[in-house]
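First up is the structure itself, then whatever we jot down about it.
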Amino acid sequence: MHEKVEQALQATLRNWTAMSRSNMDEAESTADGFEASFYLFIDVVRDWFNDLEQQPRTLEQLLELPMILTIIDLLPAPLYLNFETEAELIVENSLRHDEDKYD
């Protein structure tokens, strides 16, 4: 796996675990930390995608790439849909506006 993608993914997974285990007092800060790390991860995946010599033209093609399959295997099920939505925006070369991010 691409080193920067792997590092960003591992940070996202750590923050997901921390958020899942947080108590009410920590919930907001751990959720904010997770959200920040998730979108940083997406930005790193976008950079990796933009550096590909032959970019997939469809979401399906992107989701079939070996690195993306590895990511999907590592993502907790609740994160897959968010990742897929972001992957589709990457293929379309679209950016999500801050107000459109998941709450």
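Heads up, the sequence shown is in our numbering, so the first residue is 47 and it goes up one at a time. Every residue, glycine too, gets a C-beta built ideally from N, C-alpha and C. Everything numeric in this text was worked out from a predicted model, so none of it was measured.
Where does the unbroken alpha helix (DSSP H) through residue i begin, and where does it stop?
| i | result |
| --- | --- |
| L105 | 105-109 |
| R60 | 49-67 |
Just verifying my parser: in three-state terms, what is the DSSP assignment at residue i?
| i | result |
| --- | --- |
| N128 | helix |
| S83 | helix |
| E134 | helix |
| E74 | helix |
| R92 | helix |
| L98 | coil |
| R142 | coil |
| P112 | helix |
| L120 | helix |
| Y148 | Interpretation of Y148 is limited by its pLDDT of 49, a score under 50 that renders its predicted location unreliable; the figure taken from the coordinates is listed afterwards. DSSP places Y148 in coil when its eight states are reduced to three. |
Using beta carbons (cut-off 9 Å, strictly below), is residue i in contact with chain E?
| i | result |
| --- | --- |
| F80 | Checking the listed chains, one finds no chain E in this structure; it contains a single protein chain. |
Would you kindly check if the distance between the Cβ of residue j and the Cβ of residue i is under 9 Å?
| i | j | result |
| --- | --- | --- |
| I118 | L127 | no |
| T58 | F95 | no |
| V137 | Q101 | yes |
My guess is that residue i and residue j are in contact by the Cβ rule of under 8 Å, so how many angstroms apart are they, rounded?
| i | j | result |
| --- | --- | --- |
| L121 | F129 | 6 Å |
| T131 | M47 | Actually they do not touch by this definition, with Cβ atoms about 21 Å apart. |
| L105 | A133 | 6 Å |
Let me check you understand the geometry: is the CB of residue i closer than 8 Å to at least one non-hydrogen atom of the ligand FAD?
| i | result |
| --- | --- |
| L86 | Of the ligands one can find in the structure shown there are none, so the ligand FAD has no counterpart to examine. |
At a cut of 8 Å, does the segment 87-94 reach the segment 54-69 through at least three beta carbon pairs?
-> They touch, by the three-pair rule.
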